[in-house]
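Asks: As you go down the protein sequences, you meet chains Z and V in turn. With this note's numbering applied, the first sequence covers 30 to 144. With this note's numbering applied, the second sequence covers 5 to 118. The beta carbon of each residue, even a glycine, is placed where N, CA and C say it ideally should be. Keep in mind it's a predicted model, so treat the numbers as computed, not measured.
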Amino acid sequence: SQQGEEDPQALSIQEGENATMNCSYKTSINNLQWYRQNSGRGLVHLILIRSNEREKHSGRLRVTLDTSKKSSSLLITASRAADTASYFCATDAGGRETSGSRLTFGEGTQLTVNP
Amino acid sequence: DSGVTQTPKHLITATGQRVTLRCSPRSGDLSVYWYQQSLDQGLQFLIHYYNGEERAKGNILERFSAQQFPDLHSELNLSSLELGDSALYFCASSRQRVNNYGYTFGSGTRLTVV
Numbered sequence: 030s031q032q033g034e035e036d037p038q039a040l041s042i043q044e045g046e047n048a049t050m051n052c053s054y055k056t057s058i059n060n061l062q063w064y065r066q067n068s069g070r071g072l073v074h075l076i077l078i079r080s081n082e083r084e085k086h087s088g089r090l091r092v093t094l095d096t097s098k099k100s101s102s103l104l105i106t107a108s109r110a111a112d113t114a115s116y117f118c119a120t121d122a123g124g125r126e127t128s129g130s131r132l133t134f135g136e137g138t139q140l141t142v143n144p
Numbered sequence: 005d006s007g008v009t010q011t012p013k014h015l016i017t018a019t020g021q022r023v024t025l026r027c028s029p030r031s032g033d034l035s036v037y038w039y040q041q042s043l044d045q046g047l048q049f050l051i052h053y054y055n056g057e058e059r060a061k062g063n064i065l066e067r068f069s070a071q072q073f074p075d076l077h078s079e080l081n082l083s084s085l086e087l088g089d090s091a092l093y094f095c096a097s098s099r100q101r102v103n104n105y106g107y108t109f110g111s112g113t114r115l116t117v118v
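Here it is, written out as structure tokens:
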């Protein structure tokens with residue numbers, strides 16, 4: 030089952046505007062990650078935020094994490110047409126010393142940036 | 005090119021058949037993960053191997069099996085294929101067993117079962 034729920038499911042904006050996507054999850058996590066996927070292609074890792082971090086920046090990306098509300102947001106500033114893609118949040122609940130790692134993905138937000 | 009290589013890129017096969025999907029992780033990565041992406045189920049974790057050993061298992065069907073070889077490449081075997089197995093299958097890799105730096109995904113194998 031999907032751990033994350035993303036909001037909105039689809040977002041259409043003009044170039045130069047900011048885009049904000051939200052993600053909620055259900056269980057405690059080790060870290061939360063955001064990925065981008067261009068249509069039918071592989072996922073590209075954007076940013077990872079650990080459970081003890083509240084905010085992280087990478088270029089035009091800003092991610093926040095509120096573990097008390099079990100939610101995260103991804104802000105893309107000054108968007109470009111090339112940012113058009115699906116964006117997924119994914120949570121890693123971590124594991125015991127002998128177990129492995131797995132990501133639980135949300136359903137994604139389809140972002141369209143119009144030139 | 006992410007450094008994770010998946011072959012084949014596309015595969016069309018009939019119901020009841022068996023296929024093998026192959027993944028070569030990024031150089032130096034010891035962990036390999038398999039994910040299935042379908043329209044109705046979204047992205048689902050299947051299995052994680054670290055340095056040749058199975059480390060975590062998701063909702064992987066009994067008809068599916070995987071392994072990681074000594075050279076660290078991995079294969080996902082899908083047997084008795086059904087129409088519902090049609091999906092994108094992604095492999096991802098990371099350096100460690102417990103991941104704190106993000107995964108590198110391959111470009112996927114698109115499986116169509118007819």
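Could you confirm whether any beta carbon from chain Z is found closer than 8 angstroms to the beta carbon of Tyr-93(V)?
Replies: Answer no: the Cβ-Cβ gap between Tyr-93(V) and chain Z never drops below 8 angstroms.
Asks: Using a Cβ-Cβ distance cut-off of 8 angstroms, determine whether Ser-130(Z) contacts chain V.
Replies: Output row for Ser-130(Z): interface = yes.
Asks: The beta strand (DSSP E) with Ala-96(V) in it runs from where to where?
Replies: Note, Ala-96(V): beta strand (DSSP E), 91-98.
Asks: I need the DSSP call for Glu-126(Z), collapsed to helix, strand or coil.
Replies: Legend: pLDDT at Glu-126(Z) = 49, less than 50; position of this residue unreliable, value from coordinates given subsequently. Reduced to three states, the DSSP call for Glu-126(Z) is coil.
Asks: From Val-118(V) to Ser-42(V), what does the alpha carbon distance come to, in whole angstroms?
Replies: C-alpha separation (whole angstroms): 15 angstroms.
Asks: Using the Cα positions of Gly-46(V) and Arg-65(Z), report the straight-line distance between them to the nearest angstrom.
Replies: About 14 angstroms.
Asks: From Asp-89(V) to Thr-116(V), what does the alpha carbon distance come to, in whole angstroms?
Replies: So the two alpha carbons sit approximately 8 angstroms from each other.
Asks: Specify, as a first and last residue, the run of the beta strand (DSSP E) that Val-142(Z) falls within.
Replies: Counting along the chain, the beta strand (DSSP E) containing Val-142(Z) begins and ends at 138-143.
Asks: Give the residues of chain V in contact with Asp-121(Z), contact being defined as C-beta atoms less than 7 angstroms apart.
Replies: Under the 7 angstroms cutoff, chain V gives Asn-103.
Asks: What does the alpha-carbon distance come out to for the pair Gly-56(V) and Gly-129(Z)?
Replies: Cα to Cα, the separation comes out at about 12 angstroms.
Asks: Quick check: Asn-47(Z) and Thr-106(Z), are their CB atoms within less than 8 angstroms of each other?
Replies: Going by C-beta atoms, Asn-47(Z) is nearer than 8 angstroms to Thr-106(Z).
Asks: Taking buried to mean at least 16 other C-beta atoms within 10 Å of its own C-beta, is Ile-16(V) buried or exposed?
Replies: It counts as exposed.
Asks: Could you run through the segment 46-66 of chain V and flag, in chain order, every residue whose CB is less than 7 angstroms away from some CB of chain Z?
Replies: Of all residues in the segment 46-66 of chain V, Gly-46, Leu-47, Phe-49, His-52, Tyr-54, Arg-59, Ala-60 and Gly-62 have a Cβ within less than 7 angstroms of some Cβ in chain Z.
Asks: Along chain V, which residues have their Cβ under 7 angstroms away from the Cβ of Gln-62(Z)?
Replies: Ordered by position in chain V, the residues that pass the 7 angstroms Cβ test against Gln-62(Z) are Gly-106.
Asks: Could you tell me which of Gln-48(V), Pro-29(V), Arg-22(V) and Arg-99(V) sits nearest to Thr-9(V), measuring between CA atoms?
Replies: It is Pro-29(V).
Asks: When you compare each of Leu-140(Z), Arg-79(Z) and Leu-40(Z) to Lys-99(Z) by their alpha carbons, which one comes out closest?
Replies: Minimum Cα distance to Lys-99(Z) is reached at Arg-79(Z).
Asks: Note down, in chain order, every chain V residue with its Cβ under 7 angstroms from the Cβ of Gly-71(Z).
Replies: Here the neighbours are Ser-6, Phe-94, Phe-109, Gly-110, Ser-111 and Gly-112.
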